[in-house]
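Visitor: In UniProt numbering, the protein residues as written are 1 to 304. For each residue, glycine too, the CB sits at the ideal point set by N, CA and C. Keep in mind it's a predicted model, so treat the numbers as computed, not measured.
(1) Just list the alpha helix (DSSP H) runs in the stretch 183-260, keeping only unbroken ones of 4 residues or longer that don't cross its boundaries, in chain order.
(2) Give me the Cα-Cα distance between residue 109 and residue 156, rounded to the nearest whole angstrom.
(3) Determine which residues share a DSSP beta bridge with residue 13 and list them.
(4) Taking 8 Å as the limit between beta carbons, can you name the residues of its chain near residue 85, skipping five residues before and five after?
(5) Cα-Cα, which of 192, 161, 189, 193 is closest to residue 178?
(6) Going by the CB atoms, is the gap between residue 25 and residue 214 shorter than 7 Å?
(7) Report the three-state DSSP secondary structure of residue 109 (helix, strand or coil).
(8) For the stretch 285-297 and the stretch 126-142, state whether three or more C-beta atom pairs, one from each stretch, are separated by less than 8 Å.
(9) Could you tell me which residues DSSP puts in a beta bridge with residue 54?
(10) With DSSP as the reference, label residue 128 as helix, strand or coil.
(11) When DSSP labels each residue in this structure, what does residue 169 get in the three-state scheme?
(12) Which term fits residue 150, buried or exposed, when burial requires 16 or more other beta carbons within 10 angstroms of its beta carbon?
(13) Could you tell me whether the Cβ atoms of residue 87 and residue 272 are closer together than 7 Å?
(14) Just verifying my parser: in three-state terms, what is the DSSP assignment at residue 81?
(15) Once you ignore the five residues that flank residue 295 on each side, which residues in its own chain have a CB closer than 7 Å to its CB?
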């Protein structure tokens with residue numbers, strides 16, 4: 001199996017922001033036959049006509065805690081349907097390798113830290129992200145079943161929380177870095193004196209810059225291995241309070257950060273064990289503070 005810059009790569013992302021960013025990153029690395037599929041209309045026909053050798057399935061729409069609570073039914077329905085259809089199609093058309101992007105909330109809420117791949121399905125997932133987690137677990141199960149029965153070369157990649165330019169920025173429904181950038185920027189523009197964040201701020205999260213993730217995907221696609229599951233993390237995390245302060249400084253918001261102690265904040269920590277991905281030779285190269293700065297600069301340039 002040869003993976004080159006000429007390989008046909010299909011990226012499926014109905015949420016479209018992450019998929020479009022991955023396509024841009026691959027194009028900048030001279031992958032000339034990559035294409036993103038962001039519309040459910042004729043999705044399977046369009047993918048089959050493209051006849052990809054490699055397939056990256058990012059998924060349907062998801063977001064932060066509020067989005068995952070408010071739209072849990074939509075999330076599980078759209079994710080299950082998309083994964084089932086696309087994984088089955090991958091086997092039907094004979095793709096060389098399929099990558100399904102998972103989520104760290106697939107892991108049990110009381111996992112030991114850092115979280116090793118073998119901890120999957122060893123306990124109950126966190127309630128606020130249950131729909132998203134269960135859908136991704138079903139995708140993982142389908143990949144394993146299709147590998148066992150049909151020989152499908154499929155790997156589920158579990159990244160830390162993705163951030164970076166080109167992603168979705170919404171104060172209520174985005175993942176936390178994008179949401180904070182939008183929230184603190186809006187407060188600064190409105191001359192608000194305070195910003196309220198959910199929870200105590202003590203919960204910890206690990207983040208991966210989109211360019212680091214793209215490099216990891218390339219390493220995995222090039223690999224001759226046939227892993228069921230692999231984490232992609234940077235090996236360190238931040239508390240939500242620390243993150244809020246970092247974003248506030250970057251945005252130059254000088255008001256007060258308040259905590260809504262009645263709001264949910266999800267699982268306390270989701271630090272991924274990255275031993276397997278490091279063994280491929282991949283390394284995270286984007287410092288966190290620089291990544292936040294570049295993400296904010298992109299947002300500011302495109303905020304209109």
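Guide: With the structure as the only source:
(1) 210-222, 240-251
(2) 19 Å
(3) 59
(4) 43, 44
(5) 161
(6) yes
(7) coil
(8) no
(9) 9, 97
(10) helix
(11) coil
(12) exposed
(13) no
(14) helix
(15) 163, 164, 165, 177, 181
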